[in-house]
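S.K.: If you use numbering that gives the first Met the number 0, the sequence shown corresponds to residues 0 to 313, in order.
Yeah, the Cβ is synthetic: ideal placement off N, Cα and C, and Gly gets one too.
Just so you know, these numbers come straight off a predicted model, no measurement behind them.
Got a structure for you, questions after.
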Amino acid sequence: MSDIRLSIVIPHFNSPVKLDELLGSIGQHDDVEVIVTDDNSTKYLDEYEACVAKYSGRGVKFFKNDSGQKNAGAARNVGLSKATGEWLIFSDADDYFVDGWYDAVSANFDKTEYDVIFYKVSDIDSKHDQEGVKKAVLRYNLLCDAVLAGLEHAEDMIRIYHYAPWSKMIRHSLLKANDIHFESIRYSNDLLFSTKVGVCAGKITVCDKPYYFHTTTQGSLSTNRSEEAFCTKQTAYCHRCDYLHNNMDRKRLKAVNNNEGLRRLGIAAKRHYGVRNLFKYYKMYRKNHVPVFTLKPDEITRLKRMLRKAGKNV
Numbered sequence: 000m001s002d003i004r005l006s007i008v009i010p011h012f013n014s015p016v017k018l019d020e021l022l023g024s025i026g027q028h029d030d031v032e033v034i035v036t037d038d039n040s041t042k043y044l045d046e047y048e049a050c051v052a053k054y055s056g057r058g059v060k061f062f063k064n065d066s067g068q069k070n071a072g073a074a075r076n077v078g079l080s081k082a083t084g085e086w087l088i089f090s091d092a093d094d095y096f097v098d099g100w101y102d103a104v105s106a107n108f109d110k111t112e113y114d115v116i117f118y119k120v121s122d123i124d125s126k127h128d129q130e131g132v133k134k135a136v137l138r139y140n141l142l143c144d145a146v147l148a149g150l151e152h153a154e155d156m157i158r159i160y161h162y163a164p165w166s167k168m169i170r171h172s173l174l175k176a177n178d179i180h181f182e183s184i185r186y187s188n189d190l191l192f193s194t195k196v197g198v199c200a201g202k203i204t205v206c207d208k209p210y211y212f213h214t215t216t217q218g219s220l221s222t223n224r225s226e227e228a229f230c231t232k233q234t235a236y237c238h239r240c241d242y243l244h245n246n247m248d249r250k251r252l253k254a255v256n257n258n259e260g261l262r263r264l265g266i267a268a269k270r271h272y273g274v275r276n277l278f279k280y281y282k283m284y285r286k287n288h289v290p291v292f293t294l295k296p297d298e299i300t301r302l303k304r305m306l307r308k309a310g311k312n313v
């Protein structure tokens, strides 16, 4: 058995100051390995090399994305291929781990009956006093609250609507057994990955002690509003829905599916991408089993209603 219980995998591109903050928040632990894969950065190279020099002596392993495909998904896959831990945590380079994170995570190292342990996300920014934090993490915390409250369908919802790879601890053997990797695309490379993890996992559980804080950085991939970025994200979402259609029990899926296609068409219309593109996306959704015309609310609205009905304050 490896002495490494946990591998933390981090892709990096042009943000060494943020990376330095992230690595500092993790610290050094004998049973934790930290793996950084640089996606062929083009700026702040001296600062990045200083970060490498600073943390290499503290046990952090640095690699370069030499896959021939330049994107965060490919960089994550390189890091994943180097990981040796029993458990995996994925982090973005501009986020950070909160105080006491190691205690919250290591307390679950020996819970061998679970394939995935979801964690609530901290909504307190101890470093930047960032505004709008709760909106960025609302879905994931509501999903965790619903599971902790034992609400109907909550477990299926967290399996398919916890889109991000971070704020959950994944058993390494689950990924190996099911050959789960990130899509090598520029945007939403984690969407199909997280969906496969949720569907393929055996037992899952939720921990209400957060270990992670997610920042919203202007100019990041997730904030890109171009039609090109939107198109790539829709393709990734279609891959996700097609996978669910083919791999999840139809009755369970129908119980938790929503009108996501209609919402996405609304975004395209609001951003003035044009009638031709609207029709293109509509055809994509229909072909790949994305619900468009349904009366079901989005998952955030539904989760709030479920929790209020159960007498929970949200």
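State buried or exposed for residue 161, treating a residue as buried only when at least 16 other CB atoms are found within 10 Å of its CB.
M.R.: Residue 161 should be labelled buried.
S.K.: Would residue 7 be called buried (16 or more neighbouring beta carbons within 10 Å of its own) or exposed?
M.R.: So residue 7 ends up on the buried side.
S.K.: Does the contact criterion of 3 or more C-beta pairs under 8 Å hold for the segment 93-105 versus the segment 33-45?
M.R.: Output reads no: the segment 33-45 does not touch the segment 93-105.
S.K.: Look at the Cβ atom of residue 118, then the Cβ atom of residue 166, and state whether they are nearer than 7 Å.
M.R.: Cβ distance < 7 Å, so residue 118 and residue 166 count as in contact.
S.K.: The ligand SAM heavy atoms versus the CB of residue 276: any closer than 6 Å?
M.R.: Because no ligand of any kind appears in the structure shown, any question about the ligand SAM cannot be addressed here.
S.K.: Assign residue 86 to one of three DSSP states: helix, strand, or coil.
M.R.: Residue state, collapsed to three classes: strand.
S.K.: So, at 6 Å on beta carbons, what are the nonlocal neighbours of residue 197 in its own chain, with the 5 sequence-adjacent residues on each side left out?
M.R.: Excluding sequence neighbours, residue 197 sits near 158, 159.
S.K.: Can you tell me the Cα-Cα spacing of residue 0 and residue 54, whole angstroms?
M.R.: Residue placement at residue 0 cannot be trusted, given a pLDDT of 47 that sits under 50; what the coordinates show is reported in the next sentence. Distance between the alpha carbons of residue 0 and residue 54: 26 Å.
S.K.: For the candidate residues 290, 237, 236, whose alpha-carbon lies nearest to that of residue 254?
M.R.: Ranking 290, 237, 236 by Cα distance to residue 254 puts 290 first.
S.K.: Would you mind sorting residue 250 into buried or exposed? The rule is 16 or more other CB atoms within 10 Å of its CB.
M.R.: Flag for residue 250 reads exposed.
S.K.: Cα separation between residue 96 and residue 274?
M.R.: In a straight line, the C-alpha of residue 96 is about 43 Å away from that of residue 274.
S.K.: Identify every run of the beta strand (DSSP E) within the segment 48-76, keeping only runs that are complete inside it and at least 3 residues long; order them along the chain.
M.R.: Listed in chain order, they are 59-63.
S.K.: Between residue 47 and residue 10, is the Cβ-Cβ spacing less than 7 Å?
M.R.: No. Outside cutoff.
S.K.: I'd like the span of the alpha helix (DSSP H) that includes residue 36, first residue to last.
M.R.: Element bounds for residue 36: not the alpha helix (DSSP H) but the beta strand (DSSP E), 31-37.
S.K.: Among the residues of its own chain, which have a CB less than 7 Å from the CB of residue 276, if the five just before and after it don't count?
M.R.: Correct list, in chain order: 226, 267.
S.K.: In three-state DSSP terms, what is residue 204?
M.R.: Looking at residue 204 - three-state DSSP - the assignment turns out to be strand.
S.K.: At which residues does the beta strand (DSSP E) containing residue 6 begin and terminate?
M.R.: 5-11 is the extent of the beta strand (DSSP E) around residue 6.
S.K.: Tell me, to the nearest whole angstrom, how far the beta carbon of residue 173 is from that of residue 199; I am working on the premise that it is less than 8 Å.
M.R.: Contact flag correct, Cβ pair sits at about 6 Å.
S.K.: Only counting the same chain, and skipping five residues up and downstream in sequence, which positions put a Cβ closer than 7 Å to that of residue 305?
M.R.: Cβ within range, chain order: 145, 150.
S.K.: Please state whether DSSP places residue 291 in a helix, a strand or coil.
M.R.: Coil, per DSSP.
S.K.: Pick helix, strand or coil for residue 0, following the three-state DSSP scheme.
M.R.: In this prediction, residue 0 scores a pLDDT of 47, lower than 50, which makes its location untrustworthy; the coordinate-derived value is nonetheless stated afterwards. Three-state DSSP puts residue 0 in coil, outside helix and strand.
S.K.: When you compare the CB positions of residue 116 and residue 204, do they come within less than 7 Å of one another, or not?
M.R.: Yes; because the gap between Cβ atoms is below 7 Å, this pair is in contact.
S.K.: Counting along the chain, where does the beta strand (DSSP E) carrying residue 115 start and finish?
M.R.: Per DSSP, residue 115 belongs to the beta strand (DSSP E) from 115-118.
S.K.: Any idea which residues DSSP pairs residue 170 with across the strands?
M.R.: Partner(s): 86.
S.K.: With a threshold of 16 other CB atoms inside 10 Å of the CB of residue 298, please say whether the residue is buried or exposed.
M.R.: Buried.
S.K.: Express the C-alpha separation of residue 64 and residue 73 in angstroms, rounding to a whole number.
M.R.: One C-alpha to the other measures close to 7 Å.
S.K.: Among the residues of its own chain, which have a CB less than 6 Å from the CB of residue 91, if the five just before and after it don't count?
M.R.: Contacts found: none.
S.K.: Grouping DSSP H, G and I as helix and E and B as strand, with all else coil, what is residue 300?
M.R.: Note: residue 300 maps to helix in three-state DSSP.
S.K.: Where does residue 229 sit, in a helix, a strand or coil, going by DSSP?
M.R.: Helix.
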